[in-house]
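Here the sequence shown stands for residues 425 to 555, where the numbers follow this note's numbering.
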Amino acid sequence: MGSHRRLVGGLVISLLEIRKQIEGPSDDERFTAWFRLYSSDETAAREEIQRILTGGDPVLKVLFTRFLAHINEERAVHYLVTLLQDDNEVVFHAAQKAFEHNQFGTKLKNLFGLVHSRSLLAQAYAIEKLS
425 MGSHRRLVGG
435 LVISLLEIRK
445 QIEGPSDDER
455 FTAWFRLYSS
465 DETAAREEIQ
475 RILTGGDPVL
485 KVLFTRFLAH
495 INEERAVHYL
505 VTLLQDDNEV
515 VFHAAQKAFE
525 HNQFGTKLKN
535 LFGLVHSRSL
545 LAQAYAIEKL
555 S
C-alpha cells in the first residue's frame, strides 16, 4: 500500500501520500491530489485507483466519491457505478449522492448493468432511476 509509483512528470506518489494530501488543510489541496491521481494516464495511477475501488477503506472510498461528483466524465461515472455496488452502505450512499450530483449527460445508461448486481441496494437504485 505504501509503495511508490512513478507518475507524469517524474512525480512520485503513493497511496499514503494521497491520503496525507486528501486530509490536507484545504479543499483545493484535496481536490488537486485526487485530480493528479485521476487524470494520470500512467498504469501505476490506474492501479492505485483500482486499489481504492476494491480496497477495504470506506473513508478513502467516500472521499473519492466526493471528488467524482465534480468530474463530469464517463470514466468518473463508471467509478461511481462500481462504488454503488460496495458492500458498505455508507459507501453506497456516498456514491449515490455523488452520482446524483454528477452532471455527465448520459450517466443513466451506466446503470443498466446494476439491474443484475449482487448488491440489492444497487439493484433497487438502478431500477428506480431507470424506471
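Every residue gets a Cβ at the ideal spot worked out from N, C-alpha and C, and that includes glycine.
All values derive from a computational prediction rather than experimental measurement.
Boundaries of the alpha helix (DSSP H) around H525: E513 to H525. By the neighbour-count criterion, in which 16 or more other beta carbons inside 10 Å mark a residue as buried, I551 falls on the exposed side. With at least 16 other beta carbons inside 10 angstroms of its own, Q509 counts as buried.
The three-state reading of DSSP puts R475 in helix, counting H, G and I together. Rounded to the nearest angstrom, the Cβ distance from L538 to Q547 is 6 Å, consistent with a contact under 8 Å. Linking V505 to A519 through their CA atoms gives a straight-line distance of about 8 Å. For L535, there is no enclosing alpha helix (DSSP H), as DSSP marks it with neither H nor E. H525 and A500 have their C-alpha atoms roughly 12 Å apart. Boundaries for S541: no alpha helix (DSSP H) harbours it, and the DSSP string shows neither H nor E there. Taking C-beta atoms as the reference points, N534 and E498 count as a pair closer than 9 Å. The Cβ atoms of A493 and A457 lie no closer than 9 Å to each other.
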